[in-house]
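In what follows, a structure is listed as structure tokens, so that the remarks can point back to it.
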């Protein structure tokens with residue numbers, strides 16, 4: 001009973017967050033019913049009073065209710081178990097929703113966002129560019145968001161900039177659009193020697209964690225981008241993908257096309273049923289190692305610049321992306 | 001072929017590490033054959049020459065080979081995919097090997113080890129004791145290891161002390177000894193309000209990660225033991241366990257016995273088939289939340305004292321443990 005109540009309260013909070021505007025109780029009731037919840041408007045009003053009391057919503061009179069900052073935080077923390085499967089579900093959902101057309105070079109790709117204080121931006125730019133230049137990045141394209149701009153649920157706060165890196169899940173979407181189903185199995189920390197992949201040092205499966213694997217490696221200080229850039233010996237974040245064995249030729253030709261549009265990120269493609277970097281691959285499948293999208297900003301943590309990163313934040317138009325070489329000029333324009 | 005070779009070389013390194021003394025090639029061959037590897041002594045000698053060449057073993061003449069520091073590091077990093085399942089396997093293996101007898105109060109329990117410079121020990125002791133006093137610990141017993149002492153594969157280095165905390169996997173072993181099979185499903189970060197468990201903030205499954213979940217939360221700076229101690233609002237590391245529903249009464253009475261011997265760590269025991277802190281539990285099972293063994297030392301990271309922790313390091317005699325109130329005096333004796 002208590003759990004049912006919580007589920008409905010969370011459903012209301014999610015609707016208000018999604019709407020990004022006040023909603024009246026009648027409208028909320030309609031939406032809840034459309035989602036399969038059996039509720040009357042009277043019950044919804046009862047829930048709303050309780051949410052007001054807990055400071056999670058605010059009553060704007062005739063306009064309806066809006067979600068408060070406390071309400072947003074409640075949503076972030078709530079129902080953790082949903083979040084474990086949620087990573088895999090979110091990957092599938094964004095893969096389905098993105099619309100990038102490789103040949104027309106238009107449509108949306110999946111973007112991560114990293115918040116950085118405007119005052120630190122000029123210091124950060126050269127480091128970020130070095131990771132792109134060394135090729136430890138998902139292609140060479142990126143985005144820059146100004147204070148007040150929105151990506152997914154995230155609004156860039158005042159005095160902050162949002163560095164947008166292309167999420168490697170975008171590759172799943174491109175392959176899907178060409179009829180190739182892709183399974184993202186785990187995120188790993190990859191050891192490099194002389195710029196070449198040697199082995200996985202750590203592994204975290206996407207369906208076994210509520211945290212994005214690469215975010216864990218970054219926050220725990222386990223990466224070594226500085227070494228990877230300077231000497232070619234280091235540890236970077238990558239993802240492991242599995243595809244049907246028969247699609248291998250198709251995958252290889254798409255990789256070439258992706259590189260042409262600045263979205264090349266495949267580090268290795270294995271052979272049917274053969275282990276890749278010691279990772280077993282099922283008969284009838286091939287394994288592939290793709291570079292983690294957050295790599296170019298992850299290096300900042302190593303140099304003492306604290307950033308706040310969110311993987312798979314939302315969709316961004318390909319036209320909005322630019323070559324990393326333009327980052328310096330664009331950052332200057334933003335901080336001027 | 002290359003993979004087979006690597007497996008055998010690693011098997012040799014593991015045997016040398018376990019022996020903790022030089023082994024002759026004849027002895028190594030016997031051991032490898034007993035483990036199911038089909039090798040001749042000639043082949044083993046061939047592998048050893050290759051290992052010598054790579055600096056992973058050193059040739060001590062008639063005494064045989066011993067493993068080098070480089071060899072130990074190679075073992076740590078090698079065959080990462082084994083390490084994912086390895087966590088679950090290690091839990092089962094230690095559960096099987098420990099010999100603690102609850103009624104006789106003797107035998108071995110499973111211990112974590114945290115290395116701390118001797119010079120920082122006196123600063124660390126009060127913080128560690130506060131976590132025990134607040135009850136955010138696996139019971140009230142602990143161990144202290146002097147430089148040169150060994151626990152499992154770990155030898156305490158010079159100028160360091162080893163803080164031994166009882167690993168909560170010990171509970172699995174006690175339940176097993178009373179015929180109750182226990183499954184360790186995930187490690188979680190638990191939010192407390194007013195000292196009471198509210199919900200899981202993050203979850204990492206034991207069979208989906210090469211890293212111990214609690215070690216991740218500690219290293220990423222996601223814990224809040226200081227808050228938990230001071231105000232009762234914080235985030236601590238816990239584990240989730242599943243047991244047969246019919247064993248519930250047995251579990252509850254064992255919990256009482258465990259508390260009497262200073263090994264009480266059950267925070268919550270659920271009802272058959274009922275979710276516990278929103279975590280679904282299968283019909284015919286009960287869920288339980290146990291306190292993470294590393295909690296008392298994890299607080300040190302929050303106060304800027306860097307420690308190096310290894311969960312599930314090895315087995316230690318129950319007689320070797322002491323009440324945390326003795327820690328101060330014992331630490332003084334060690335640093336004098």
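Chains as they are written, first to last, in the working numbering: chain A, 1 to 336; chain B, 1 to 336.
C-beta: ideal position from N, C-alpha, C; glycine also.
What is the rounded straight-line gap between the Cα of residue i and the Cα of residue j?
i                      : j                      : result
residue 116 of chain A : residue 143 of chain A : 13 Å
residue 226 of chain B : residue 297 of chain B : 12 Å
residue 185 of chain B : residue 313 of chain A : 29 Å
residue 362 of chain A : residue 54 of chain A  : As displayed, chain A neither begins before 1 nor continues past 336, which places residue 362 of chain A out of reach and without an answer.
residue 220 of chain B : residue 300 of chain A : 16 Å
residue 72 of chain A  : residue 322 of chain B : 46 Å
residue 280 of chain A : residue 270 of chain A : 11 Å
residue 99 of chain B  : residue 167 of chain B : 14 Å
residue 177 of chain B : residue 265 of chain B : 17 Å
residue 17 of chain B  : residue 152 of chain B : 11 Å
residue 105 of chain A : residue 263 of chain A : 11 Å
residue 202 of chain A : residue 128 of chain B : 29 Å
residue 267 of chain A : residue 253 of chain A : 14 Å
residue 70 of chain B  : residue 32 of chain B  : 22 Å
residue 122 of chain B : residue 330 of chain B : 10 Å
residue 22 of chain A  : residue 51 of chain A  : 14 Å
residue 192 of chain B : residue 240 of chain A : 35 Å
residue 316 of chain A : residue 291 of chain A : 19 Å
residue 112 of chain B : residue 308 of chain B : 11 Å
residue 183 of chain A : residue 211 of chain A : 18 Å
Apart from the five residues just before and just after residue i, which ones in its own chain have a Cβ nearer than 7 Å to its Cβ?
i                      : result
residue 28 of chain B  : 12, 15 and 44
residue 195 of chain A : 232
residue 204 of chain B : 186, 187, 213 and 216
residue 250 of chain A : 178 and 180
residue 274 of chain B : 281
residue 257 of chain B : 102
residue 95 of chain B  : 169, 172, 173 and 176
residue 197 of chain B : 190, 267, 268, 277 and 289
Could you please give the first and the last residue of the uninterrupted beta strand (DSSP E) stretch that includes residue i?
i                      : result
residue 241 of chain A : 234-244
residue 209 of chain B : Note, residue 209 of chain B: premise wrong, no beta strand (DSSP E); not H, not E.
residue 289 of chain B : 285-291
residue 267 of chain A : 266-269
Could you check whether the Cβ of residue i sits closer than 7 Å to any heavy atom belonging to the ligand ZN?
i                      : result
residue 120 of chain A : In the structure shown, the ligand ZN is absent, as is every other ligand, since no ligand is present at all.
Listing by chain order, which chain B residues have their CB less than 8 Å from the CB of residue i?
i                      : result
residue 221 of chain A : 219
Which residue or residues does DSSP assign as beta-bridge partners of residue i?
i                      : result
residue 93 of chain A  : Paired residues: none, contrary to the question.
residue 100 of chain B : Bridge partners of residue 100 of chain B: none, in fact.
residue 164 of chain A : A:113 and A:143
residue 193 of chain B : B:196
residue 202 of chain A : A:189
residue 58 of chain B  : B:66
residue 184 of chain B : B:241
residue 138 of chain A : Paired residues: none, contrary to the question.
residue 154 of chain B : B:151
residue 12 of chain B  : Bridge partners of residue 12 of chain B: none, in fact.
How far does the alpha helix (DSSP H) with residue i in it reach, from first residue to last?
i                      : result
residue 50 of chain B  : 41-53
residue 127 of chain A : 121-134
residue 300 of chain A : 295-302
residue 67 of chain A  : Element bounds for residue 67 of chain A: not the alpha helix (DSSP H) but the beta strand (DSSP E), 65-67.
residue 317 of chain B : Run containing residue 317 of chain B: none in the alpha helix (DSSP H); it sits in the beta strand (DSSP E), 308-317.
residue 31 of chain A  : 25-34
residue 20 of chain A  : Unbroken run through residue 20 of chain A: none, as it is neither H nor E.
residue 274 of chain A : Unbroken run through residue 274 of chain A: none, as it is neither H nor E.
residue 335 of chain A : 327-335
residue 173 of chain B : 169-177
residue 225 of chain B : 225-230
residue 248 of chain B : 248-260
Kindly list the residues whose CB is nearer than 8 Å to the CB of residue i, restricted to its own chain and excluding five residues on each side of it in sequence; keep chain order.
i                      : result
residue 160 of chain A : 115, 116, 117, 118 and 147
residue 1 of chain A   : The predicted position of residue 1 of chain A is uncertain, since its pLDDT is 37 and thus under 50; a value taken from the coordinates is nonetheless stated next. For residue 1 of chain A, where only same-chain residues beyond five positions count, there are no Cβ hits under 8 Å.
residue 334 of chain B : 118, 121, 144, 146 and 161
residue 130 of chain B : 229 and 299
residue 108 of chain B : 97, 98, 99, 100, 315, 316, 317 and 318
Which bits of chain B does residue i rub up against, with CB to CB less than 7 Å?
i                      : result
residue 216 of chain A : 216 and 220
If you drop the 5 nearest sequence neighbours on each side, which residues of the same chain put their C-beta closer than 6 Å to that of residue i?
i                      : result
residue 217 of chain B : 189, 223 and 237
residue 260 of chain B : none
residue 245 of chain B : 272, 284, 285 and 286
residue 134 of chain B : 229
Note down, in chain order, every chain B residue with its Cβ under 9 Å from the Cβ of residue i.
i                      : result
residue 204 of chain A : 84, 204, 208, 209, 210, 211 and 216
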